[in-house]
Structures are given as C-alpha cells and as structure tokens.
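Trainee:
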Amino acid sequence: MSFEAYLKARNVGDYAEFLLPHLASNFRLLDVGCGGGSLSLGLTEFVDQVVGVDLDEGEFQEAQQYALQQGIENITFQAGSVYALDFADDQFETCFCHSMLEAIDRPLDALLEIKRTLKPGGVLGVASVEYDGLILAGPNEALLRRFYAIRERLWQLDISADPYLGRALRGLLLRAGFEGVVASSKYFCYGTEAAVKSFGRGRAEDCRDEWYANAAQKYGLATSSDLDDMEQAWLEWSEADDAYVAFAWCRAIGWKPQS
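Residue numbers 59 to 317, in the working numbering, belong to the letters of the sequence shown in order.
Take a look at the structure:
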C-alpha cells in the first residue's frame, strides 16, 4: 500500500471524528502513539500545530518525508515514551491517543503523564479497539473466529496488550482525574465487494505474518497446518457474496480540570 493510500484508509474523518468538534484553529495538539503518522497529518488541518510522538521513530519516517514534500509546516515528530513525555507541564490544548493504550502495561500512568502536558481545560481524545465486539459472517466462520481468538491470546501472552481495554476507557479517564468524560463506540464495517476482498486478503497475509505465525506456534495455539487452513479460509471468504465483518472501537473524551 502506498503512503497516499494509507492516508486515505486511515483518516481523521473515520478515526478522530469524535474529537474534531472540540478542536480550534489555535490549538497545539499532541498525538501520542502516532505510529505511521497518518492521523497526525490529517489533524494538521484542524489545529495550529501537531506534535506526533511514538516510541519507535522508524514508525513515522514516511510521514515526516510526506510532510516535507507536501510543504506541511505545522507538524513535527519525535521519539518518546508516553510514561516520560519530553514536554513541560501545561503545553497543549488537546491530546489524541489512538490505538495505543491497549498496547501498553500501564495505561493509567500514561494518562496521568498525558494530563500533565495538557493545559488546564485541555481536552483528551482516546480510542481503543474492543475485540469482544467482532461481527463476522460468511463461509468458514468458526475457523475465522479462531484466527481472532488466537490473535487476542497472542496480544495477552506475547506483547502484554489488552484486547478488551476499550470498554474501560471511561473509567480510566475518570481515575486519571479527567472531567466531563463522555464514552462512545463506533463500528468499522466491511460490507462492499471491494472492502471484503481487500480485508480477506489482508487477513490471509496475516496468517503468514512472521510475528503471528511464529508466536502462534510458539505458544501452541496453532500448527503450520492450522495456519494454512486459516489462510485459505480467508481467501475463500474474500470472494464470498455473504461475507461481512465489522469491528467495535471504543472512544472517550475528557477534560483536564481548570484548577
């Protein structure tokens, strides 16, 4: 996938729309766990300055290059840990945190550190996938659900991630001292011929992804033959007229107290 296609697929209209009404053109925004930087780049249209932070600077190198080529001057990226952000207190009017809290060991500590960098009255928007909200239809459903059951277990065993953190976001923000917290959920749906084809083929490739395949066998969750079967099942699913899948994402927004 080209970087332009990645920007189109992972865009703020789909993934950050719950935060957009609370932004202003003079805001400075911190995007923690920015990953590939597509959402950071999209958010530059809504605020004065975006700072993207990710633990691995290799993640956002393409985004840095894209911003330079396109003359997008109100964005910077830097490597850093959410547990020790390299910013003074009260620096940002808003923070965005997508697909990150579920992948770390201490989400509450991360939220406390984020809150430190927000100005009084600053707004935080967070989002995490909720694996228990999977909707799946089509051929080989049991085998395809096993693919996801294995992935959920690998999150827990191999990377200490929480595939069910989404449902806890409201409580986490309140425990971290944010006010006016509002939680919501949204489904991302794949229900057209093109979307089903792309999604199914992508999951077939995942069955041979080095991390997924090796870890599944390491923990005794699947054999090489099982992975072959799941790969083939996803390819068959990608061509099926009755194939459909949707994922639940949980989101929450909250404000740092004024005093």
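Don't be surprised by glycine CBs; every beta carbon is placed ideally from N, CA and C.
Keep in mind the model is a prediction, meaning the values are calculated, not measured.
1) Alpha helix (DSSP H) containing Glu268: first to last residue?
2) Does DSSP put Glu237 in a helix, in a strand, or in coil?
3) Nearest to Cys153 by alpha carbon, out of Gln122, Leu169, Ala262 and Gln128?
4) Name the one or two DSSP bridge partners that His156 has.
5) Near Trp295, what residues of its chain come up, given a Cβ to Cβ distance below 7 Å and the 5 sequence neighbours on each side ignored?
6) When you compare each of Val105, Val109 and Ile130 to Ala144 by their alpha carbons, which one comes out closest?
7) Excluding the five sequence neighbours on either side, which residues of its own chain have a C-beta within less than 7 Å of the C-beta of Phe104, listed in chain order?
8) Skipping 5 residues on each side, what residues in its chain have a beta carbon closer than 6 Å to that of Phe135?
9) Along the chain, where does the beta strand (DSSP E) containing Phe104 start, and where does it finish?
10) If I follow the unbroken alpha helix (DSSP H) through Asp216, where does it start and stop?
11) In the structure shown, what three-state DSSP assignment does Leu88 receive?
12) Alpha carbons only, please: which of Leu279, Gly94 and Gly278 is nearest the one belonging to Asp114?
13) What number of angstroms, rounded off, separates the C-alpha of Ala46 from the C-alpha of Asp89?
14) Beta strand (DSSP E) containing Ile130: first to last residue?
15) On the DSSP bridge assignment, give the partners of Phe305 in chain order.
16) Among the candidates Glu131, Trp269, Arg174 and Gly138, whose CA atom is the shortest distance from the CA of Ala146?
17) Go through its chain and collect everything with a Cβ distance to Val303's Cβ below 7 Å, but skip five positions before and after it.
18) My assumption, with CB atoms under 8 Å, is that Glu263 sits in contact with Pro315. Please give the rounded CB distance.
19) Using 10 angstroms around the beta-carbon of Trp313, count the other beta-carbons present and answer buried if the total reaches 16, otherwise exposed.
20) Does Ala219 come out as helix, strand or coil in the three-state DSSP assignment?
Mentor: The answer reads as follows:
1) Glu268 to Lys276
2) strand
3) Leu169
4) Ala185
5) Gly196, Pro197, Asn198, Leu202, Gly258 and Ala301
6) The displayed chain sequence assigns Asp, not Ala, to residue 144. For Asp144, the nearest C-alpha among the options comes from Val109.
7) Leu78 and Leu81
8) Gly110, Phe118 and Gln122
9) Segment: none, Phe104 is in no beta strand (DSSP E) and carries neither H nor E.
10) Glu199 to Asp216
11) strand
12) Gly94
13) The structure shown does not extend to residue 46, since the chain is modelled only from 59 through 317, so no value can be given for it.
14) Taken as a continuous stretch (DSSP letters only), Ile130 belongs to no beta strand (DSSP E), as it is neither H nor E.
15) Phe246
16) Arg174
17) Ile193, Leu194, Tyr248 and Phe257
18) Actually they do not touch by this definition, with Cβ atoms about 46 Å apart.
19) buried
20) coil
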